[in-house]
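Residue numbers (this note's numbering), protein chains in the order written: chain A, 1 to 402; chain B, 1001 to 1604.
This is the structure:
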């Protein structure tokens, strides 16, 4: 068997917006959505590093400054940013890296969580072309892989129905010659990477497949809650900050620097609390709650299985359950989210959720006291909601509700 | 400030010195040079930026050497005036930052003794002076020479007479030892060696340091060896890189959502409704002083003017703000005044001089600075750090907003200590401070709109900024940002002053940027805008999101999201920074290294 050269570089695609994840992606690209207090992209970078690669080309576009600002102190990798001005497709995005890649490399979407083991297996595959695949119960949102005689015969991008069982994770090991194929396809106006890969298959090149271990995608806002839950179970307890007397902590709990947990708090892990937070007296946090940086939770509040992003204030006597609260939101006291299994309308489709869901609130909303939100409601960014209001309908961004 | 580096160790000195100089070069320089000792001492120096000179520098072998990037103060920008400077026997080379005040008499004496000078710099005399004192013990010669010079300096020296050694000494100009493994460094700033070691020892005034590849010995001015503790540098070299942003300035503008939190970090409690500083700062603020004197230079001076507004509003204590270079000679040394110095680098020469004199005359002193271990923190009674991380762009951005936020915190703390504020108001201010970051984030989202408006500014030869109250110093700062990076002549005025002169300068080609906030003087601002419109000048208003009136009066509106009048000036600053940035960018200016400017001015 011939030797395959070492893979030394990774190209990470991080230019897309993630429209289905609005309102959260109105101000940041999908790759920056936080999962267990870390942007998705950081999971990708960490996994790349742990798999032994030091050099990353990161293709950025939509709200790139948010990425660049966040990773300014990231020292584990050498990151080179390349801007894709128009988001024409994944093939086009990869093409932006052409001048920087002369050897075999791996390609990863920046918006899916992946572990280092899977990447390692992919790198070590003795083949020029290899793809990480994953069994998926609902393949229709992805590129579905079909086999013939144990070889990939076809990749069908987002089929109308759930056909096939393996999907492409979009993570590839590729030779530098792929850029010639990309160029050729681009000349015909083809910018989708899976189409380019199909031409490679059609040219009788062998593409190895490797099964991914951990791979997770976030499609809709409520997926944040589930993915956060899964990832927070993988964390080990780590406590800094100040913990007052009579605080009960069970299970793995992470508490960041300069955070203060006041007396009487009851915290059941997995629970993650960021830096510089104040968790007021007698606050109860239940699994799997993640709280970002600079958050203040006022006394007697209960939070369960929720994602509270950075710079949020939550008033006293509130109940936040199975919910996502975006950056910079403020709620007054006695704020309640009702959580239930429910049906949510999105993109003209009705999604029936099999687990309870509370509310999802975009960035920088100001909510006055005694507000109750019905299950499954999405509230946009920069909304203002008056006191004593009951929210039963989705609220678009920048709306005032009195 | 010039950049200085010295190295002795196991590696080739040339790439280390060049790399170090490049890390200092971001401050903007006009010439550079190296001296390396291999088999003998060799020197190369030239005019230009280090990146340009690098290609011309020949291979220079040796593991010991010194380097310098110069920003001219004495003598023109010429190859001869570039450092290092040599002694007559060409065995000793020195690099110097600062000013030798008594260089004329020293030079005359040395000339009489037959020394031949090749440059017009004050620095060159140091090499000749050491040479003149040398009688077999090089270290003694360095001591003797340093004792004869007056002024401010940091000096690094190598000589064939002292193989394996690099000497360094400082007075009123920064010099730091970098302690590595089997290699040691001397540099005017930490980033120069941070790639190789994070262990640093800042030298104090009058100290002299001798490093070899495996020893660091520090002496006081009386030649007595000192034991000094190493400091671990926790920020990383990556901080000094651009992270994909086209300029450090833009990166630092975007960092402000974070730096504002860093200023507040550990100092603000929403639950307890308290503000906390270190005990010595709190003790100082609780003192019964009758007045406050704030001294600063440049951008820090404008931050101080905002500080005056805050302190007087919240505490009723009268505040005097002065430029350090003026206060130093003309200020009154009221013993009941607390003197607060605001300096980003903690090394600003005039500001430090004020602190020293204030201390000598028995005044209490407090410094607000970004750099721990800087001269200012060691001179003043206490210090408050702005905790903003290193700022690379010559135009101050994140450190300015951090200074204002710190001054607001200081005003708030002083008010609670002197009981001049209702607890409910304190809580409101705490929430407003904590919300600042999200308002800044919101302004950053409007980057594209600001860029569009910058197109209306880019062809101007002159622009005016006006504001009232707390927005007046913001107008000054906005104008400073524009002029220093885009080279458009810009002036800030208190809006009410327009008719007392500046109106005469307005033409249809002079854009006016008017900061119009919902304050009691809103109508006055509208009236001022009317005066300007009557002269046909285009007006760009900076107005709050909810202001529906302003569109009727001006040509363009840039909006900001913040309904808290006192702190909105911080949000507006970010907007004006972006406006200046985009204007300069459209004009193709060298944004991170504006001509004729250096980051911190350690000469008077």
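Virtual Cβ for every residue (Gly too), placed ideally from N, Cα, C. Bear in mind the structure is a predicted one, so any value in this text is a computation, not a measurement.
{"Check": "Run through the DSSP bridge pairs and tell me what residue 154 of chain A is partnered with.", "Outcome": "A:146"}
{"Check": "Does any CB atom of chain B fall closer than 8 Å to the CB of residue 262 of chain A?", "Outcome": "yes"}
{"Check": "Measuring CB to CB, does residue 369 of chain A end up less than 8 Å from residue 399 of chain A?", "Outcome": "no"}
{"Check": "Provide the residue(s) that pair with residue 1209 of chain B in DSSP beta bridges, ordered along the chain.", "Outcome": "B:1168, B:1218"}
{"Check": "Compile a chain-ordered list of the residues in the stretch 1388 to 1407 of chain B whose CB is closer than 7 Å to at least one CB of chain A.", "Outcome": "none"}
{"Check": "Give the interface partners of residue 1448 of chain B over in chain A, defined as CB-CB distance under 7 Å, in chain order.", "Outcome": "Per Cβ cutoff of 7 Å: no residues; residue 1448 of chain B is ~11 Å from chain A at best."}
{"Check": "Span of the alpha helix (DSSP H) holding residue 59 of chain A?", "Outcome": "Counting along the chain, residue 59 of chain A falls outside any alpha helix (DSSP H), though it belongs to the beta strand (DSSP E) covering 55 to 60."}
{"Check": "Grouping DSSP H, G and I as helix and E and B as strand, with all else coil, what is residue 1313 of chain B?", "Outcome": "helix"}
{"Check": "Taking the CB atoms as reference points, tell me whether residue 1094 of chain B and residue 1005 of chain B lie closer together than 8 Å.", "Outcome": "no"}
{"Check": "Determine, using beta-carbon pairs with one atom in the stretch 1459 to 1476 of chain B and one in the stretch 1560 to 1577 of chain B, whether at least three such pairs fall under 8 Å.", "Outcome": "yes"}
{"Check": "Could you please tell me which residues of the stretch 285 to 301 of chain A, in chain order, have their CB closer than 9 Å to any CB of chain B?", "Outcome": "293, 294, 296, 297, 298, 299"}
{"Check": "Which runs of the alpha helix (DSSP H) fall wholly inside the stretch 1466 to 1504 of chain B and span at least 4 residues, in chain order?", "Outcome": "1471 to 1486"}
{"Check": "Spell out whether any CB of chain A is found under 8 Å from the CB atom of residue 1239 of chain B.", "Outcome": "Model confidence at residue 1239 of chain B stands at a pLDDT of 48, short of 50, so the residue's coordinates are unreliable and nothing is read from them."}
{"Check": "Around the C-beta of residue 137 of chain A, are 16 or more other C-beta atoms found within 10 angstroms, so that it is buried, or is it exposed?", "Outcome": "exposed"}
{"Check": "Quick one: list the residues of chain B neighbouring residue 313 of chain A, beta-carbon separation under 8 Å, in chain order.", "Outcome": "1270, 1431, 1434"}
{"Check": "Measure from the C-beta of residue 71 of chain A to each C-beta in chain B and report whether the shortest distance is under 8 Å.", "Outcome": "yes"}
{"Check": "On the DSSP bridge list, what partners appear for residue 222 of chain A?", "Outcome": "Answer by DSSP bridge pairing: none, since residue 222 of chain A is not bridged."}
{"Check": "Could you name the residues that DSSP lists as bridge partners for residue 271 of chain A?", "Outcome": "A:253, A:289"}
{"Check": "Applying a beta-carbon distance threshold of less than 8 Å, which residues of chain B neighbour residue 81 of chain A?", "Outcome": "1243, 1244"}
{"Check": "Provide the residue span of the alpha helix (DSSP H) that contains residue 1524 of chain B, from first to last.", "Outcome": "1522 to 1534"}
{"Check": "Tell me the rounded alpha-carbon separation between residue 188 of chain A and residue 85 of chain A.", "Outcome": "20 Å"}
{"Check": "Report all residues from its chain with a CB closer than 6 Å to the CB of residue 388 of chain A; omit the five preceding and five following residues, and keep chain order.", "Outcome": "370"}
{"Check": "In terms of alpha-carbon separation, which member of A:77, A:93, A:89 lies closest to residue 83 of chain A?", "Outcome": "A:93"}
{"Check": "Just the C-alpha distance for residue 1564 of chain B and residue 159 of chain A, rounded to the nearest angstrom, thanks.", "Outcome": "52 Å"}
{"Check": "Looking at chain B, which residues of the stretch 227 to 241 of chain A have a Cβ within less than 7 Å of any of its Cβ atoms?", "Outcome": "none"}
{"Check": "Nearest to residue 78 of chain A by alpha carbon, out of A:8, A:146, A:14, A:16?", "Outcome": "A:8"}
{"Check": "Given this structure, state the Cα-to-Cα distance separating residue 61 of chain A from residue 68 of chain A, to the nearest angstrom.", "Outcome": "11 Å"}
{"Check": "Can you give the Cα-Cα distance for residue 1031 of chain B and residue 1118 of chain B, rounded to whole angstroms?", "Outcome": "16 Å"}
{"Check": "Quick check: what's the CA-CA separation for residue 1239 of chain B versus residue 1591 of chain B?", "Outcome": "Unreliable placement is indicated for residue 1239 of chain B, whose pLDDT of 48 sits below 50; no coordinate value is reported for it."}
{"Check": "So who's on the other strand from residue 1035 of chain B, going by DSSP bridges?", "Outcome": "B:1043, B:1066"}
{"Check": "Within 10 Å of its beta-carbon, does residue 234 of chain A have 16 or more other beta-carbons around it, so buried, or fewer, so exposed?", "Outcome": "exposed"}
{"Check": "Taking Cβ to Cβ, would you say residue 1147 of chain B is nearer than 8 Å to residue 1130 of chain B?", "Outcome": "no"}
{"Check": "Using the beta-carbon count (16 or more within 10 Å), is residue 1553 of chain B buried or exposed?", "Outcome": "buried"}
{"Check": "Return the first residue and the last residue of the beta strand (DSSP E) that residue 1202 of chain B is part of.", "Outcome": "1199 to 1202"}
{"Check": "When the Cα atoms are used, what is the spatial distance from residue 1342 of chain B to residue 1310 of chain B?", "Outcome": "15 Å"}
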